[in-house]
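Structure record follows, encoded as structure tokens.
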Amino acid sequence: MPQLPLFIPESNLPRLVIIGSGFAGLQLAKKLKKAKYQIVVLDKNNFHQFQPLLYQVATSGLEPDSIVFPTRKIVRDYKNTFFRMVSVQKIQPQEKCILTDKGSLSYDYLVIATGSVNNFYGMQDVSENAVGLKSIHEALAIRSMILQHLETAVDVSLPEEKEANTTVVIVGAGPAGVEMAGALAEFKKYVFPKDYAELKDYPLQIHLISSSIKTLPMLSEKSSKNSLKDLKRLKVNVHLGVSVQAYDGLNVKLSNGETITATNLIWTAGVKGAFPKGLQPDVVQRGNRIEVDTFNCVKGCENIFAIGDVGMMKTNEFPNGHPMVAPVAMQQGKNLATNFKLPKENWNPFKYYDKGSLATIGKKSAVADFGKLHISGIIAWFIWSTVHLMSISGFKNKIAVGLNWASSYFTYDKGNRLIIRKYKHKKAFDCITTEELV
Ligand SMILES: Cc1cc2nc3c(=O)[nH]c(=O)nc-3n(C[C@H](O)[C@H](O)[C@H](O)COP(=O)(O)OP(=O)(O)OC[C@H]3O[C@@H](n4cnc5c(N)ncnc54)[C@H](O)[C@@H]3O)c2cc1C
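Shown next, in the form of structure tokens:
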């Protein structure tokens, strides 16, 4: 049955529909706030989430509200801009129309800014039993999962059950995995001994597993080495050059033949592009990303664009596409907005300006690469904190995060160790993943 159209007020302006209010989509909407388009921003959630700090929610360091921000509050002052909370299910390029869970919507220009989802590389058992770290729902699920399993560890009497429930395996040694391991190690050091004194013979075991032979492989050799040193100082068991092959909810089978018994498995080992169906299959590239030209225009489609994690722009400098990081997403959103304000013959190709890379390993320690300059330790940690504080949406959120960090800097406490919504199973999450939609 054909869908009824979503209600959007009539306008003589060309309609530009943006799917996704992440870093890329919101930057585009912001830079077009006075332009002569009718802008419609669509997202399955009514908020923008600051993914770089998800791990702090997952480890009880921050409350969830301080890293998400209502999209309506951001776009409400933009001229001719409308927000609709819908899940986009299909693109119909011929009809210049999209289908959503609530109705259809026609467009003159379409920008796909739908980001990425966890990539479990086809391992069904791992995808069903592990929890990823891609959304605020998952961060909260990890928080509940770890805390509930610690409660279980107190309840049970068998040593092997106690051990399994106090073991956390983190897969992936990129920034998300390393930051998660560092924050959890601090939980182990400062919170666990006081809150779970009864478990003194079963200290929290943290394993970080990566198929790469280095931690933070995308950073410089020096930063990579420093991060490994910090993780070891924090007593994280680091397994490099090893991959996870199976997980049934209890036994983590590794490629080197070892098995770790753990009820907690956190997956940060990879993401893949996510977008609604309807595009030609030949535009889908490695990592499920959409092939775009240097103007972010989707191959073979004049009026459809893809920006951020989901776009694959191959250049001489980035033959496998740009890194899937927030600055690329924001810069692509900005560049496309500038182009939309110009006649097509004057459009500028996208050029990524890499301002540097940062990762923190527990409190007071971080690594930072700025070209040939590599900084580590507390100075890098202050730079990391300042950059993240400045990047969070909303003044209230900046204050909340800043105060939280300041208090835990001195007290070493993690005040948000609450099981608000019980962790049941990944499939029971109150969220829709894009993976389910495509
Ligand atoms: C744990 C973690 C830590 C990270 N740390 C860093 C870091 O320190 N520094 C850094 O630069 N980058 C970091 N990143 C990467 C960074 O968050 C991403 O590169 C960035 O979010 C990409 O922006 P985007 O706009 O392309 O996608 P996103 O920000 O993911 O936004 C996509 C939006 O699209 C919406 N959406 C998706 N599908 C649909 C649909 N079908 N219908 C409606 N809406 C839809 C989603 O709800 C979402 O709001 C991290 C990522 C993670 C997961």
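In our numbering, the protein residues as written are 2 to 439. Idealized CB from N, CA, C, for every residue including glycine. Everything numeric in this text was worked out from a predicted model, so none of it was measured.
When DSSP states are grouped into helix, strand and coil, Asp310 belongs to the helix group. DSSP places Ser145 within a helical segment (H, G or I) once states are collapsed to three.
Bounds of any alpha helix (DSSP H) do not take in Thr361; it lies within the beta strand (DSSP E) bounded by 358–361. Judged by beta-carbon spacing, Leu134 lies within the 7 Å limit of Thr269, meaning their Cβ atoms are closer than that value. In this structure, ligand 1 has a non-hydrogen atom nearer than 6 Å to the beta-carbon of Pro277. Taking non-hydrogen atoms of ligand 1 into account, the C-beta of Lys356 is found less than 6 Å away from none of them. In the three-state reduction of the DSSP assignment, Trp385 falls in the helix class.
Your pair Thr153 and Leu7 does not check out as a contact, with CB atoms roughly 45 Å apart and the cut at 8 Å. The residue from Phe306, Val172, Asn81 with its alpha-carbon nearest to that of Pro15 is Asn81.
Not one heavy atom of ligand 1 is found less than 6 Å from the C-beta of Met314. With the rule of 3 Cβ pairs closer than 8 Å, the region 195–209 counts as touching the region 143–157. Here Val112 carries a strand assignment [DSSP, helix/strand/coil]. The continuous alpha helix (DSSP H) containing Glu129 extends over residues 125–130. Between the alpha carbons of Asn47 and Gly23 lies a distance of about 11 Å.
Counting of Cβ neighbours within 10 angstroms places Thr72 among the buried residues, the total reaching 16 or more. For the region 240–309, there is no continuous alpha helix (DSSP H) assignment of 4+ residues that stays within its boundaries. Here the C-alpha atom of Ala142 lies approximately 28 Å from the C-alpha atom of Ser358. Rounded to whole angstroms, Arg290 and Gly250 show a C-alpha spacing of 30 Å.
Exposed is the label assigned to Tyr122, since fewer than 16 other Cβ atoms lie within 10 Å of its Cβ. At a Cβ-Cβ threshold of 7 Å, Val253 and Val170 count as neighbours.
The beta carbon of Glu129 lies closer than 6 Å to none in the same chain, with the five residues before and after it left out.
Per the C-alpha coordinates, the member of Tyr110, Met124, Met181, Gln206 positioned closest to Ala140 is Met181.
Distance between Ile75 and Asp156, taken at the CA atoms: about 46 Å. The Cβ atoms of Trp382 and Thr361 sit closer than 7 Å to each other.
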